[in-house]
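4 protein chains.
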Amino acid sequence: MIKAGIFGGTGYTGFELVKILQKHPSVEINFATSKSFAGQTLNEIYPSAPNLTLIDGDEAPLDSIDVAFLCLPHAAAAETAVKCLNAGVRVVDLSADFRIKDVDTYNNWYNHQHPAPHLLETAVYGLTECAREALPNTNLVATPGCYPTSILLPLMPILHSRYHIASPIIADAKSGISGAGRTPKQNTHFVEASNNFSPYKIGRTHRHLPEIEQVMNWWRPNSPQLIFSPHLLPVPRGILSTIYVTLNEAPNEAEVRELYGRYYQDESFVNVLPEGQLATLAHVTHTNKCVIGITVAGNSLILSSAIDNLQKGAAGQAVQNMNVMFGFDETSGLI
Amino acid sequence: MIKAGIFGGTGYTGFELVKILQKHPSVEINFATSKSFAGQTLNEIYPSAPNLTLIDGDEAPLDSIDVAFLCLPHAAAAETAVKCLNAGVRVVDLSADFRIKDVDTYNNWYNHQHPAPHLLETAVYGLTECAREALPNTNLVATPGCYPTSILLPLMPILHSRYHIASPIIADAKSGISGAGRTPKQNTHFVEASNNFSPYKIGRTHRHLPEIEQVMNWWRPNSPQLIFSPHLLPVPRGILSTIYVTLNEAPNEAEVRELYGRYYQDESFVNVLPEGQLATLAHVTHTNKCVIGITVAGNSLILSSAIDNLQKGAAGQAVQNMNVMFGFDETSGLI
Amino acid sequence: MIKAGIFGGTGYTGFELVKILQKHPSVEINFATSKSFAGQTLNEIYPSAPNLTLIDGDEAPLDSIDVAFLCLPHAAAAETAVKCLNAGVRVVDLSADFRIKDVDTYNNWYNHQHPAPHLLETAVYGLTECAREALPNTNLVATPGCYPTSILLPLMPILHSRYHIASPIIADAKSGISGAGRTPKQNTHFVEASNNFSPYKIGRTHRHLPEIEQVMNWWRPNSPQLIFSPHLLPVPRGILSTIYVTLNEAPNEAEVRELYGRYYQDESFVNVLPEGQLATLAHVTHTNKCVIGITVAGNSLILSSAIDNLQKGAAGQAVQNMNVMFGFDETSGLI
Amino acid sequence: MIKAGIFGGTGYTGFELVKILQKHPSVEINFATSKSFAGQTLNEIYPSAPNLTLIDGDEAPLDSIDVAFLCLPHAAAAETAVKCLNAGVRVVDLSADFRIKDVDTYNNWYNHQHPAPHLLETAVYGLTECAREALPNTNLVATPGCYPTSILLPLMPILHSRYHIASPIIADAKSGISGAGRTPKQNTHFVEASNNFSPYKIGRTHRHLPEIEQVMNWWRPNSPQLIFSPHLLPVPRGILSTIYVTLNEAPNEAEVRELYGRYYQDESFVNVLPEGQLATLAHVTHTNKCVIGITVAGNSLILSSAIDNLQKGAAGQAVQNMNVMFGFDETSGLI
């Protein structure tokens, strides 16, 4: 039984983490913090939450925990990570702070100086399916962004394959509204979001773009450019990405299926769907699963993928990473 | 062709008013005001709105208009009403400021001193169906609240009848989320409002209670007490009220139907539904209609009523009142 | 470890049961049946379901199971119950067949002759909170209807109290659309159900009325009449009931709270909410909980209650009953 | 004042047509037909509809109308068109029957023999913006499909330009659920469609593909191949298409904007959005508008377009075509 602290327990990701860890057989939540709600209980914020008193992050007893989950805004996360690591606490960060290796890229896209650039090199990029060897030996894991998870998992087999890919790869992604965070804004107002659907920051302008391209280039140097178009979808949770990969000749669908099937055959949380089935949110919401559908049309390979943005796209994958770090069964506490 | 100014053009009610007046054959919008968005155009706020530049309310040219619609917070509305009336502009107020005749009741429920109590007596309570005689001769009309409209129209015939009514009358009302206003709040966040349903201020605590009981007592002195339970419904617009009136003996349904049918037979915007049909939001959204369903069960008369809170519950009824004030066809510009 | 069979595994209730039992530490699902989908797997119907092959109910191996859950239409359920009982299998019925003790009442409301009236007397009405003594000794439990559960739990303490209650009690109930079943109908079409809200079978016409009144009269002979008004709510799951109990004098709120608090203090799945809090669907969806809010207004006691119709209103309570029948921890497998 | 008959008045498209024509200053609805509901009134089906008695299509008095709108299934539409034309009635068809010029293509994609291939040549493809010259002289217009309208309008300027386009063009389209028709199906059940999002018939398998490519090739012979991916969006109405056009070099955004701005400057129903704005459903629902957003990213031109599938995607464009056919103001009756 290890002990966990959750920094930033009141956002959607923090609350999802509480729900998962509550049922985890090997973890006990020692505390959850909140800047705005310190002193209140979590169920004053979420009626179905446990009666957990929130504490101020500055007063969190670091010596009482083995692992810290950081559901904090970027910059704040890095600062807390430093404190935790100095106190001997292993860190599962859910912010963007340790995802991008190149500090200039980070500084440009996130508009401030990285508070702890010396940690970038050792932080493990925690797309669990390709981080299993590194995780047990690290004290700092960067949980990937929700969109990157939904786009990288379906791209991994084809990028690792010998298929020649024409530029650009197009990822048309649609995210449920919890992806926009809990702070109420005009575009998340029920009256304006329901019955609506809208693209935003499309092309090459969303902060998840450099994160995705970084990993694509790890897997295939000189990867094609990515065109990434996020859309706001009127559902509470889930991301569906439709990804267009143009090859230099028409691929054989059976071969592609065989490539993907083999690639993910031993994975607990990645399912390649059988012929004729496409990814939908109904496959994955409230689970840590990623499902991948395969369609071939002309020279194009169309990958449809679905995840729950709060699970495999955030809290679920964070726990999956923690499981590997601490030597627990990788599926422990997860569905 | 008369000229209208809209004070507070950017809330949901203000925008609905713009949409109605744009198509009104006898009205031209001269200006719309906004505190927060002065200088911007309305379609920067609502993508489907016309390209109407918003002006500061303090700089509104009162001499250019015949009628002012006030979609302002209470207190601010009364202050603007005074200015307009002094400038010879007729006022259709959509706030709560002139609905309640008794200034102490108003002060208590709205927690401040009424800015213009001398106007309370002359203001006409604009439930159009019972205000037609007074409207042409007034310069100040108070458009009823959305819940009161949805509850008073179905209650009017029975309160005006000879049926003996046991205390209390119960109004279980469910409102779409636009009723909570455009300012984003936690409980109107899509993620928290969708898949949810919640009562609030139930019993005898909502500000619309004294307004409804005031009118009930005009119609039947010593009316029974009202228990009024509003609920937040995950739809953008519409109010459905289910109203329970217990009589001292089992009413004859045919007689009640005949009472209601006769009462509203000449009304353009109030429809008594045929036997076997109950009120639904689908009857009324995007129209100025109120539909009323009648059910008898034991000694209870159950009235179901539906309106669009932004139309008959606000902007639509405001225009209906203006039509009567200025001698236009009462249905002009309305559906 | 006991073995369970699910009859009618493809409806919303059957699928919810599969999800619960899959994670239950003491139960193994031996089979699930389906008339229309025999031979297919459950995940062909629900993409997130397990890969469970559905069998024809007539070919179900009754000797392989200890308990049968019946998620069948009425009449079919009673017939299957007889077969199971004859084969020595204990039965948790989720249909209406064994809820009503009086066979004439059943025949009238359900429009056919009860197929097994001799079982009515011994069947236990499984509102778990008041059936704990009888459950271990029965082989046949009738899981209450969803609306009855949401209305009876909040009524139980007041009916068992000494308060004098005026007639009628009014239950204004709102149910998510899964309550209407999985078969697609016009009123469950997304285009017609979203943005809509509608009452149906209000007054004294819904089949759950005699079930509720039967139990009310067990608890308080000569209970007041019930007016029961169901409404269709545009959410997938959850029931919120707002219940109006008029007393012969204004109740003291503290006393009522104390009555309810004491009554349910040891219950795992019934929570009486603290002052100022009302029941909402957000309290209960995806859990087996029932929450109850208390409001006093004049002589009226207003009880707001919320349950998940597929959990405490069906599959969850069925498992809770099974837990008690078989001597497991009552909360086993439930949240 | 001309007289219109609506064949198939009870589907979503037929009802939308009734709503538009009711307010049209130059058209009177003489009858609406229905196979399943003949003898009933339209407001028995749609509570907000007018009290219009539906007649059997076989008994429709063709001599009483000037124009027939066909909201019928394919094949049935062509057969009715023949009867109407023979009776001297002009036909606005909303089915797929006269959209595709090549009869073999039609037969293959629609799986039956075209009932009236001799009419294919003279039928006008009614994408109004490029059919204005032909419409006044035809008696038969084929209203384009909803997806084709949403994809062709944004593609028209670039296909008519000198830009070199790489293959394939990708259209990732998302449609509200009314696009799936009124007949209830499992995938349009509220419980299964809400909180979900799903691609279907993606790649080169949807029936609208040959229609779109036919028109693309009219505009630019040897147009690039189209990859067309429809998705089911949990909103009642609206289509948003995100279209990826890869050019052989990075386009200058100002030049592209100038091309599009000039192209559509005189159009009433096509709006090219200003820089920084993308198309959303909120721009267009309940209007006949198409809005187009322009984004340049690398060599890619990303066009976002939005229409209301029941208006510009069906009934609205049908009326727009009728307006041009009969010499009315093109915007008459439309918003």
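Residue numbers (this note's numbering), protein chains in the order written: chain P, 266 to 600; chain F, 266 to 600; chain Y, 266 to 600; chain E, 266 to 600. For every residue, glycine included, the Cβ atom is placed at its ideal position computed from N, Cα and C. Because the structure is a prediction, the values reported are computed rather than measured.
| Query | Result |
| --- | --- |
| Just confirm the distance between the C-beta atoms of residue 285/Y and residue 598/Y, as a whole number of angstroms; I'd bet it's less than 8 Å. | 6 Å |
| Excluding the 5 residues flanking residue 370/Y on each side, which residues of the same chain have their C-beta closer than 7 Å to its C-beta? | 475 |
| Tell me the DSSP secondary structure of residue 500/E in three-state form. | coil |
| Relative to the C-alpha of residue 485/E, which candidate in 558/E, 579/E and 417/E has its C-alpha closest? | 417/E |
| Where DSSP assigns a beta bridge to residue 355/F, which residues make up the other side? | 332/F |
| Please list the residues of the segment 453-469 of chain E that have a C-beta atom closer than 7 Å to any C-beta atom in chain Y, keeping them in chain order. | 453, 454, 455, 456, 458, 459 and 460 |
| What do you reckon, are the CB atoms on residue 303/P and residue 321/P nearer than 8 Å? | yes |
| Let me check one thing: in DSSP terms, what residues is residue 464/E bridge-paired to? | 496/E |
| For residue 544/E, count neighbouring C-beta atoms within 10 Å of its own C-beta (all shown protein chains included) and say buried if the count is 16 or more, exposed if not. | buried |
| With 16 other CB atoms within 10 Å as the buried threshold, where does residue 519/F fall? | exposed |
| If you drop the 5 nearest sequence neighbours on each side, which residues of the same chain put their C-beta closer than 6 Å to that of residue 507/Y? | 437 and 569 |
| If you follow the alpha helix (DSSP H) that residue 416/P is in, where does it begin and where does it stop? | 411-424 |
| For residue 501/E, which residues in chain Y fall below 8 Å Cβ to Cβ? | 455, 456, 459 and 460 |
| If the cut is a Cβ gap below 9 Å, which residues of chain Y does residue 277/E touch? | 456 |
| Given that residue 563/F touches chain Y, what residues does it touch there, using C-beta distances under 9 Å? | 432, 433, 468, 469, 490 and 492 |
| Shorter than 8 Å from the beta carbon of residue 552/E to some beta carbon of chain F? | yes |
| Secondary structure at residue 548/P, three-state DSSP: helix, strand or coil? | helix |
| Please state the DSSP three-state secondary structure of residue 344/F. | helix |
| Let's see if you can read the secondary structure: which residues bound the alpha helix (DSSP H) around residue 482/F? | 473-484 |
| Please report how far the alpha carbon of residue 362/E lies from the alpha carbon of residue 448/E, in whole angstroms. | 20 Å |
| Can you pull the chain P residues whose beta carbon is under 7 Å from the beta carbon of residue 439/F, in chain order? | The contacting residues do not exist; residue 439/F stays about 14 Å from chain P at best. |
| What residues from chain F crowd round residue 301/P, counting only those whose CB sits closer than 8 Å? | The premise fails here: residue 301/P is roughly 11 Å from chain F at the closest Cβ pair, so nothing lies under 8 Å. |
| Looking only at its chain, what residues have a beta carbon closer than 7 Å to the beta carbon of residue 596/F, apart from the 5 residues adjacent to it on each side? | 533 |
| Work out the CA separation of residue 404/E and residue 350/E for me, nearest whole Å. | 7 Å |
| Let's see if you can read the secondary structure: which residues bound the beta strand (DSSP E) around residue 222/F? | Given that chain F is displayed from residue 266 to residue 600, the structure contains no residue 222/F and the question cannot be resolved. |
| Looking only at DSSP bridge pairs, what is residue 298/F linked to? | 320/F |
| Can you give me the C-alpha to C-alpha distance between residue 576/Y and residue 600/Y, rounded to a whole angstrom? | 10 Å |
| Suppose you measure from the CA of residue 493/Y to the CA of residue 297/Y; what does that come to, to the nearest Å? | 34 Å |
| Pick from 547/F, 538/F, 504/F and 559/F: whose alpha carbon is nearest that of residue 517/F? | 559/F |
| Is it right to say residue 360/F is buried, meaning 16 or more other beta carbons lie within 10 angstroms of its own, or is it exposed? | buried |
| Could you check whether the Cβ of residue 425/E sits closer than 8 Å to any Cβ belonging to chain F? | no |
| Can you tell me whether residue 379/P is helix, strand or coil according to DSSP? | coil |
| For residue 312/P, which residues in chain Y fall below 7 Å Cβ to Cβ? | 545, 547 and 548 |
| Using a beta-carbon distance cut-off of less than 9 Å, what residues from the segment 555-579 of chain F approach chain Y? | 558, 560, 561, 562, 563, 564, 565, 567, 569 and 571 |
| Looking only at its chain, what residues have a beta carbon closer than 7 Å to the beta carbon of residue 377/Y, apart from the 5 residues adjacent to it on each side? | 340 |
| Can you tell me which of the three DSSP states residue 308/P falls into? | helix |
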